[in-house]
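Student: Protein chains in written order, with the working numbering: chain A, 1 to 354; chain B, 1001 to 1354.
There are 2 protein chains.
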Amino acid sequence: MVDIKITRASVLKEKPASSTLVFGKSMTDHMFIADYDEGQGWHDPRIVPYGPLQIDPAAKVLHYAEEIFEGLKAYRTADGTIQLFRPLDNIARMNKSAERLCLPQIPEELALAGITELVKLERDWVPHEEGTSLYIRPFMIGTDPALGVHSSHHVQYIVIVCPVGAYYPEGLAPVKIYVESEDVRAVKGGTGMAKTGGNYAASLRAGDRAEKQGYSQVLWLDGVHRKYIEEVGAMNVMFKVNGKILTPDLNGSVLDGITRRSCIQLLKDWGYEVEERRISYEELFQAAEDGTLEEAWGTGTAAVVSPIGELAMEGKKVTISGNQIGELTQKLYDNLTGIQWGRLADPHNWIMKL
Amino acid sequence: MVDIKITRASVLKEKPASSTLVFGKSMTDHMFIADYDEGQGWHDPRIVPYGPLQIDPAAKVLHYAEEIFEGLKAYRTADGTIQLFRPLDNIARMNKSAERLCLPQIPEELALAGITELVKLERDWVPHEEGTSLYIRPFMIGTDPALGVHSSHHVQYIVIVCPVGAYYPEGLAPVKIYVESEDVRAVKGGTGMAKTGGNYAASLRAGDRAEKQGYSQVLWLDGVHRKYIEEVGAMNVMFKVNGKILTPDLNGSVLDGITRRSCIQLLKDWGYEVEERRISYEELFQAAEDGTLEEAWGTGTAAVVSPIGELAMEGKKVTISGNQIGELTQKLYDNLTGIQWGRLADPHNWIMKL
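(1) Helix or strand or just coil, what does DSSP make of R343 of chain A?
(2) Residues bridged to K353 of chain A by DSSP?
(3) From which residue to which residue does the alpha helix (DSSP H) around Y1178 of chain B run?
(4) Does any residue of chain A have a CB that is nearer than 7 Å to the CB of D1056 of chain B?
(5) For the alpha helix (DSSP H) that contains L1284 of chain B, what are its first and last residues?
(6) Output, in chain order, the set of chain A residues within a Cβ distance shorter than 9 Å of F1139 of chain B.
(7) For chain B, find out if any of its Cβ atoms is closer than 7 Å to the Cβ of P248 of chain A; answer yes or no.
(8) Does the distance from the C-beta atom of P163 of chain A to that of L354 of chain A stay below 7 Å?
(9) According to DSSP, is I136 of chain A helix, strand or coil?
(10) Check whether the Cβ atoms of M1352 of chain B and I1160 of chain B lie closer than 7 Å to each other.
(11) To which residues of the same chain is A206 of chain A closer than 6 Å at the C-beta, ignoring the five residues directly before and after it?
(12) For E211 of chain A, which residues in the same chain have their Cβ closer than 7 Å to its Cβ, ignoring the five residues on either side in sequence?
(13) Just the Cα atoms here: how many angstroms apart are S152 of chain A and R86 of chain A?
(14) Would you list the residues sitting across from D1035 of chain B in a DSSP beta bridge?
(15) Look up F239 of chain A in the DSSP assignment and give the residues it is bridged to.
(16) On the criterion of 16 or more Cβ atoms from any shown chain inside 10 Å, does E1014 of chain B qualify as buried, or is it exposed?
(17) Give me the chain A residues within the contact set of P1049 of chain B, using Cβ-Cβ distance strictly less than 9 Å, ordered along the chain.
(18) With a 10 Å radius around its C-beta and 16 neighbouring C-beta atoms as the bar for buried, classify T1116 of chain B as buried or exposed.
(19) Report the option in B:P1138, B:I1264, B:V1155, B:M1001 whose CA atom is closest to the CA atom of D1144 of chain B.
(20) Using a Cβ-Cβ cutoff of less than 6 Å, which residues in the same chain neighbour C1263 of chain B once the five nearest sequence positions on both sides are dropped?
(21) With the cut-off set at 7 Å, would you say E1275 of chain B and P1248 of chain B are in Cβ contact?
(22) Just curious, the alpha helix (DSSP H) that I433 of chain A is in, first and last residue?
(23) Residues of chain B with CB closer than 9 Å to the CB of T259 of chain A, please, in chain order.
(24) Span of the beta strand (DSSP E) holding R1076 of chain B?
(25) For T301 of chain A, count neighbouring C-beta atoms within 10 Å of its own C-beta (all shown protein chains included) and say buried if the count is 16 or more, exposed if not.
(26) Which complete beta strand (DSSP E) runs does the segment 192 to 240 of chain A hold, if anything under 3 residues is left out?
(27) Just to make sure I have the definition right: I need the residues of chain A whose C-beta is within less than 7 Å of the C-beta of M1027 of chain B. Which are they?
(28) Do you know offhand how far K1227 of chain B's Cα is from Q1286 of chain B's?
(29) What does DSSP give as the partner residue(s) for C1263 of chain B in the beta ladder?
(30) Please go through the same chain and pick out, in chain order, the residues whose beta-carbon is closer than 6 Å to the beta-carbon of K1060 of chain B, but skip the five residues on each side of it.
(31) When you compare only the Cα positions, how much space is there between P989 of chain B and A1173 of chain B?
(32) Can you pull the chain A neighbours of F1023 of chain B, defined as C-beta to C-beta under 9 Å?
(33) Determine the direct distance from the alpha carbon of L1267 of chain B to that of K188 of chain A, and round the result to whole angstroms.
(34) I'd like to check one pair, S97 of chain A with A194 of chain A: are the Cβ atoms closer than 7 Å?
(35) Are V305 of chain A and L311 of chain A closer than 7 Å when you measure CB to CB?
(36) Could you confirm whether any beta carbon from chain B is found closer than 7 Å to the beta carbon of D89 of chain A?
In structure tokens, the structure reads:
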């Protein structure tokens, strides 16, 4: 039992209408913080009014990106229950990221209490409308005020939450993807398997460039051969080729996505063969030419499942499933969101009710 | 002319004795800040009392490592002049890093004024003792309070300074280096050529591991072939092999170090042939075996020149120049520090007096 000290905000914010929500912008009234000091361990778990953190200008997080994060959601079901999707998977992954970044391990009980107690306090912020949810962002930062390049002795674990609108208010819509051949997001031996700031910092320029050319996201190639597909934007990626499902294997530079994991499970439940392996962009474009590339989609917490309608690369462009949502993509989306919002049974015990 | 508003600290800190200084821990009384907002550009350059920054918990820098930095020093000469070493090179590099990280370009005049005006205000903090200096850390952070993975519209450029002791109070001492074969610091297409947090975050684990085994730093291999030498710790690296100087070329994942650049210039002035090219660890160990690896050293702002006395890798270990400081290493150190502290002439106009 984690003893959390709660200090309530004296003035509560007005809750924005769900239709006006922009992803990640409308933070709620409170946040959870716990401190870690070497020798002392984790201490002072507390919920306080949401507001600026006081960070020393020499703090490691501002110079050496000693930072990791997670993303998950709280869903409101038809009967008003608030529930989480696989939160322990997020906590386990945060501890894997922590190992890579030399941040301390956080006990599951503390990390989870930070999430559940904050969401309970902010339960009125979990929106009611179809497809909406409360996005949860746990993160950990190294805050030692010292410029030496060393891991931090002082660390904070913080949880912030914000209501998010339906990712596809008009229904699932296919996106156009550009295959990035210049910038690299991560490489084996680097931090690609960790959910850490540096991977995202490396991705900003290509994302901006793709957007300017009218594409939603980039398809990332591996940093070694510049040939094998890794992720799409900040999501994992899957392809249906000739009835079989292909997805890049967890080779050390690909994030072990929780939506990815859930999709693989559902696909196997439905009898699909799922191959986790190297997939080159040549193989993909060849399959598109042969007519065997039937569907493609990204998987991630924000969008759940995001159909890919077009893939482009210097001089090449292919349309996937006629730039329509593929049948299996739609089925995956319907089933995962069905479980998340409590409309469908939860055969794998993925749901944690609050 | 940059119009900087100065707010002085009401109480000044006691200045620590130079002999007690730990690198990067004793910040001075003031800091420089300028804000950038998209559409408005840079504004409100100011010097304020040193203290915590107010950072929104959803700020990009805390989640997506949108952060770059520089490092340079102010030196006190025998006649009391305070001078900087190649500060415009640092500013030019910061703008290159900014391009990679989707941060705004900063005008040279503003970036330089932030450095020079702060150092002038803090001139009593520039220590007097042999080998000491004032370390200057300009940095830029993206502060948009929004969790979408996009580049920031609100940015801060901040300069903080701290006195630093002699890097080698007992004189130049050779260090032991471990060749890292698991973790990778950066890869071509990533952010290795930029001075940005993510590269350093990726380096922490290997650095910790090396230290635990009694080594000062790791020698980084490239992320593609895991074979070619890139940097040593957070420094560039050079080798004297059979009378010739070898150093890794700026291949996209190696930092374009200002001390590296200065060493190459001096070496060429002295008639040395300097080869900037791929160097494999096999070539290096072979040269050590053949007796042609005469000297090895790291180059960087903090240590200036750091002699390498031992190189180790799984199962292999070689001693370089009898674990003594090589003659050329010492000459480089003496000449660079001679120019920096104003004891020697400055033939290349590297010095900017304040």
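Glycine included, C-beta positions come from ideal geometry on N, C-alpha and C.
Tutor: Checking against the coordinates, here is how it stands:
(1) coil
(2) A:Q83
(3) Where Y1178 of chain B is concerned, there is no enclosing alpha helix (DSSP H), although the beta strand (DSSP E) it sits in stretches over 1175 to 1179.
(4) yes
(5) 1281 to 1290
(6) P57, L62, H63
(7) no
(8) no
(9) strand
(10) no
(11) E180, D183, V218
(12) none
(13) 29 Å
(14) B:H1043, B:Q1156
(15) A:L246, A:A296
(16) exposed
(17) Residues of chain A passing the Cβ test: none, with the nearest at roughly 11 Å.
(18) buried
(19) B:V1155
(20) T1299, L1332
(21) no
(22) Past the edges of chain A, shown from 1 to 354, lies residue 433 of chain A, and the structure says nothing about it.
(23) Residues of chain B passing the Cβ test: none, with the nearest at roughly 16 Å.
(24) 1072 to 1076
(25) buried
(26) 217 to 221, 229 to 232
(27) A58
(28) 14 Å
(29) For C1263 of chain B, which the question treats as bridged, DSSP gives no partner whatsoever.
(30) E1066, G1142, D1144, S1152
(31) The requested residue 989 of chain B is not part of the displayed model; chain B covers only 1001 to 1354.
(32) A146, L147, G148
(33) 36 Å
(34) yes
(35) no
(36) no
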